[in-house]
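The structure appears right after this line, and notes come after that.
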Amino acid sequence: MQNRPWITLALGALTLLTVPGQASFAADAHHHHEHHGAAPAAGLHLNAGARWETDAPLRQVMGDINQALADALPAIHRERFGKRDYTALASTVERKIAYAVEHCRLAPEADEMLHLIIADMLGGAEMMRGKTPGQRHAGAARLQKALQAYGTYFEHPGWQPAAD
Numbered sequence: 063m064q065n066r067p068w069i070t071l072a073l074g075a076l077t078l079l080t081v082p083g084q085a086s087f088a089a090d091a092h093h094h095h096e097h098h099g100a101a102p103a104a105g106l107h108l109n110a111g112a113r114w115e116t117d118a119p120l121r122q123v124m125g126d127i128n129q130a131l132a133d134a135l136p137a138i139h140r141e142r143f144g145k146r147d148y149t150a151l152a153s154t155v156e157r158k159i160a161y162a163v164e165h166c167r168l169a170p171e172a173d174e175m176l177h178l179i180i181a182d183m184l185g186g187a188e189m190m191r192g193k194t195p196g197q198r199h200a201g202a203a204r205l206q207k208a209l210q211a212y213g214t215y216f217e218h219p220g221w222q223p224a225a226d
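The numbering used here applies: residue 63 is where the sequence shown begins, and numbers increase by one.
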């Protein structure tokens, strides 16, 4: 695996923000890439039946990532999204997540749930950097599922996940 310092920095920052008992998140996030197209992480749940609250920086970041994927999906489905395109999309995801880590301020329980979604998003980004078209496509699918989970578990007015 190629060393990407911004992922290490983002995961390190996420680890510092985690609640006790979640310190293994950063190590686990690197291994999620092995589950091609896997559903978002187990353990996601609502806040006593309601979606978790978000803040403006998180909504902006998730909206930006969602839009980047929505813009890419037509070319992905026509198999006209090349390795450079996937790499650029992965870089966008990683950069936006790093911004969210720095600027987002959620309640500890909401933050814990968000870490599960971010782990899948970073896993998808890592897969999009893969050597084969199938692996890159599976990474985009994983990102799409994570964005769908975000909309299911987090309050984001007007949220419409990128669709096929």
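The beta-carbon is built from N, C-alpha and C at its ideal position, and this holds for glycine as well.
- According to DSSP, residue pairing for Phe216 in a beta bridge involves Trp114.
- Setting aside the 5 residues that flank it on each side, Tyr148 is surrounded in the same chain by Met190, Arg198, each with a C-beta closer than 6 Å to its C-beta; the list follows chain order.
- With distances taken between CA atoms, Ala162 lies nearest to Gly125 out of Leu151, Gly125, Trp114.
- If you draw a straight line from the Cα of Ala137 to the Cα of Gln206, it comes to about 15 Å.
- Taken in chain order, the complete alpha helix (DSSP H) segments of 4 residues or longer contained in the region 146 to 202 are 170 to 190.
- Nearest to Glu156 by C-alpha distance, out of Thr194, Met183, Gly192, His218, is Met183.
- For Ala130, the closest of Leu120, Gln122, Thr154 by C-alpha to C-alpha distance is Thr154.
- Going by beta carbons, Ala225 and Ala112 fall outside the 9 Å limit.
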